[in-house]
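J.:
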Amino acid sequence: MGQITLENVTKSFGDVEVIPPLDLTIEDGEFAVFVGPSGCGKSTLLRLIAGLEDITSGTIKIDGKDATNIPPAKRGLAMVFQSYALYPHMSVRKNIAFPLRMAGVPEDEQKRRIDQAAAALNLTDYLDRRPGQLSGGQRQRVAIGRAIVREPAAFLFDEPLSNLDAALRVGMRLEISELHKRLATTMIYVTHDQVEAMTMADKIVVLRAGNIEQVGSPLELYHTPRNLFVAGFIGSPKMNFVEGEEARKHNAATIGIRPEHIEVTSEGPWTGRVGVAEHLGSDTFFHIHDTGLAETLTVRAPGEINLKHGDTIHLTPREDLIHRFDDKGLRI
Ligand code: ADP
Ligand code: MG
Numbered sequence: 060m061g062q063i064t065l066e067n068v069t070k071s072f073g074d075v076e077v078i079p080p081l082d083l084t085i086e087d088g089e090f091a092v093f094v095g096p097s098g099c100g101k102s103t104l105l106r107l108i109a110g111l112e113d114i115t116s117g118t119i120k121i122d123g124k125d126a127t128n129i130p131p132a133k134r135g136l137a138m139v140f141q142s143y144a145l146y147p148h149m150s151v152r153k154n155i156a157f158p159l160r161m162a163g164v165p166e167d168e169q170k171r172r173i174d175q176a177a178a179a180l181n182l183t184d185y186l187d188r189r190p191g192q193l194s195g196g197q198r199q200r201v202a203i204g205r206a207i208v209r210e211p212a213a214f215l216f217d218e219p220l221s222n223l224d225a226a227l228r229v230g231m232r233l234e235i236s237e238l239h240k241r242l243a244t245t246m247i248y249v250t251h252d253q254v255e256a257m258t259m260a261d262k263i264v265v266l267r268a269g270n271i272e273q274v275g276s277p278l279e280l281y282h283t284p285r286n287l288f289v290a291g292f293i294g295s296p297k298m299n300f301v302e303g304e305e306a307r308k309h310n311a312a313t314i315g316i317r318p319e320h321i322e323v324t325s326e327g328p329w330t331g332r333v334g335v336a337e338h339l340g341s342d343t344f345f346h347i348h349d350t351g352l353a354e355t356l357t358v359r360a361p362g363e364i365n366l367k368h369g370d371t372i373h374l375t376p377r378e379d380l381i382h383r384f385d386d387k388g389l390r391i
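Just so you know, the sequence shown maps onto residues 60 to 391 in my numbering.
1) Going by DSSP, what residue range makes up the alpha helix (DSSP H) through N154?
2) Taking 8 Å as the CB-CB limit, is L182 close to chain B?
3) When a residue counts only if its C-beta is closer than 5 Å to some heavy atom of the ligand ADP, which residues count, in chain order?
4) Do V289 and E272 have their beta-carbon atoms positioned less than 8 Å apart in this structure?
5) Out of E255, T330, V75 and A360, state which residue places its alpha-carbon closest to the alpha-carbon of F90.
6) Using DSSP with H/G/I as helix, E/B as strand and the rest coil, what is I85?
7) Are there any heavy atoms of the ligand MG lying less than 7 Å away from the beta-carbon of D217, as far as the coordinates show?
8) Going by alpha carbons, who is nearest to I203 out of V265, L136 and R160?
9) Would I85 and T245 be called neighbours here (beta carbons separated by less than 8 Å)?
10) Give the list of continuous alpha helix (DSSP H) stretches no shorter than 4 residues that lie fully inside the segment 80–145.
11) In chain order, what residues of the same chain lie with their CB nearer than 7 Å to the CB of G22, ignoring the 5 residues before and after it?
12) Have a look at E363 and I321 and give me their C-alpha separation to the nearest angstrom.
13) If you drop the 5 nearest sequence neighbours on each side, which residues of the same chain put their C-beta closer than 8 Å to that of N128?
14) Reducing DSSP to helix, strand and coil, say where D342 ends up.
15) Go ahead and pull the three-state DSSP assignment for H239.
16) Using DSSP with H/G/I as helix, E/B as strand and the rest coil, what is R390?
17) Quick one: is the Cβ of V164 within less than 7 Å of any heavy atom of the ligand MG?
18) Taking the straight line between their C-alpha atoms, what separation do you get for L111 and N299?
19) Am I right that L392 and L105 are in contact with their C-beta atoms under 8 Å? What's the rounded C-beta distance?
20) Ordered along the chain, which non-local residues of its own chain (more than five positions away) have a Cβ less than 6 Å from that of P211?
21) Based on Cα-Cα distance, which residue from F72, L223, V274 and A144 lies nearest to T115?
22) Using a Cβ distance threshold of 8 Å, determine whether the segment 144–158 contacts the segment 186–203, with at least three qualifying pairs required.
23) Cβ atoms of C99 and A312: under 8 Å apart, would you say?
24) Less than 8 Å between C-beta atoms, sequence neighbours within five positions excluded: which residues of the same chain meet that for G369?
25) Excluding five sequence neighbours on each side, which residues of the same chain lie with their C-beta closer than 8 Å to the C-beta of P296?
26) By alpha-carbon positions, which one of K101, K133, L180 and R189 ends up nearest to A162?
27) Going by CA-CA distance only, name the one from T69, I108, E279 and V68 that's closest to D217.
28) Which partner residues does S71 have in the DSSP bridge list?
29) I need the boundaries of the alpha helix (DSSP H) containing M257, first residue and last residue.
30) If you run the structure through DSSP and keep just helix, strand and coil, what is M246?
31) Please list, in chain order, all residues of the same chain as N270 whose beta carbon is under 7 Å from its beta carbon, the five residues on each side excluded.
32) Looking only at C-alpha atoms, which of E305, N222, D252 and R160 sits nearest to S97?
33) Tell me whether F93 is buried or exposed, calling it buried when 16 or more other Cβ atoms sit within 10 Å of its Cβ.
34) For the segment 300–372, list the alpha helix (DSSP H) runs that are entirely contained and at least 4 residues long, ordered along the chain.
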């Protein structure tokens, strides 16, 4: 079991309120991602759930029971940090066993849980090695193993992949998602990277300055962002925003259109001049100038397309996929 509920939770450091009153429920077995720019309160929120910080007011419930005043070790949650802090002089087996030894779990039960965790994480052949003899990804798995053996009600991850290089990050992302499917345990995962959020989450919680901007599945956030912040934050490359006359034609203060929803066409309502092209092979992202709509429009085109810097082109937006926002930046 691992349902986590925050009711009217606030957090202040001194007289600075970093989390204004906040309500949130994470369901048992869910993979929830807290995402938002640096300093928006993601780690603070996770630490409040873990009990590593005291909340200023409100209630935290775990499986319906008030956990607000329960110390971290008794909440049944396991935290995995970015810096994995393994003991260098201990074997992988001993590192994973550490929390069980601390808790006085009998030897044979320790062994059962370690073998099971090692198998889940492909670490069986490495149990006698020391952390120094492992790759970065394997070390991160050992840190996760140390959390798994506690058989927690929920796993809490704070930017666990930030120290890894890009290729390894993609691999570990998949491993953690696989692990979640296998364990079916609640996971809360903090990241500033919206791609991680989109690819891993059942439920994304977008935070800005301690406020929840939107909660939803990856595709809900992609298709129906509630405001300009979420619209600009979710999706890569970013959504294009257009104000002025073109927006007014759509009865909006601002319209948004994603790069993948603008087509390069032989005729079309919009014209512009080709600027920098980013070739990914599968796709090309063009930065288009002189449209009279915005300083730059980003457009996704096929990988092989015959356009040169400086060419004048026509563009056709998918009218049905234009997002409309009012003068307060809220979705219409
Ligand atoms: P994130 O993890 O999203 O980058 P944090 O939760 O670490 O953000 O921080 C949120 C805000 O709270 C920041 O403005 C940060 O400076 C402030 N903050 C975090 N921890 C403390 C602390 N122990 N004392 C004072 N301010 C803090
Ligand atoms: Mg943080």
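Even for Gly, the Cβ is constructed at its ideal location relative to N, Cα and C.
T.: The short version:
1) Start and end: V151 to M161.
2) Here chain B cannot be found, since the structure has a single protein chain.
3) Per the CB criterion, closer than 5 Å to any heavy atom of the ligand ADP, the qualifying residues run in chain order as F72, V77, S97, G98, C99, G100, K101, S102 and T103.
4) The answer is yes: Cβ separation under 8 Å.
5) Ranked by Cα distance from F90, the options E255, T330, V75 and A360 are led by E255.
6) Three-state DSSP puts I85 in a strand.
7) D217: yes, Cβ under 7 Å from the ligand MG.
8) Residue L136 is the option with its Cα nearest to I203.
9) The answer is yes: Cβ separation under 8 Å.
10) Whole alpha helix (DSSP H) segments, 4+ residues: 101–109.
11) Residue 22 is absent from the model: the chain starts at 60 and stops at 391.
12) Distance between the alpha carbons of E363 and I321 is about 16 Å.
13) Cβ within range, chain order: n/a, list empty.
14) Three-state result, D342: strand.
15) Reduced to three states, the DSSP call for H239 is helix.
16) In the three-state DSSP reduction, R390 falls in the strand class (E or B).
17) V164 Cβ: outside cutoff for every heavy atom of the ligand MG.
18) The alpha-carbon atoms of L111 and N299 are separated by roughly 40 Å.
19) The structure shown does not extend to residue 392, since the chain is modelled only from 60 to 391, so the question has no answer here.
20) Excluding sequence neighbours, P211 sits near G135, L136 and A137.
21) Out of F72, L223, V274 and A144, F72 has the C-alpha closest to the C-alpha of T115.
22) As far as the Cβ criterion goes, the segment 144–158 touches the segment 186–203, which means the pair count is three or higher.
23) Cβ distance not < 8 Å, so A312 and C99 don't count as in contact.
24) By the criterion of a C-beta distance shorter than 8 Å, G369 is surrounded in its chain by R332 and V333, once the five residues flanking it on both sides are discounted.
25) Correct list, in chain order: P318, F344, T357 and R359.
26) Measuring from the Cα of A162, the nearest candidate turns out to be K133.
27) Considering only alpha carbons, the answer is I108.
28) As DSSP reads the structure, S71 sits in a beta bridge with E76.
29) Its alpha helix (DSSP H) spans residues Q253 to M259.
30) When DSSP states are grouped into helix, strand and coil, M246 belongs to the strand group.
31) Sequence-distant partners of N270 (beyond 5 residues in either direction) whose C-beta falls short of 7 Å from its own C-beta, in its chain, are P79.
32) Comparing Cα-Cα distances from S97 to each of E305, N222, D252 and R160, the minimum goes to D252.
33) Counting C-beta atoms within 10 angstroms of its own C-beta, F93 has 16 or more neighbours from the protein chains shown and is therefore classed as buried.
34) Within the segment 300–372, the runs of alpha helix (DSSP H) at least 4 residues long that lie entirely inside it are, in chain order, 304–308.
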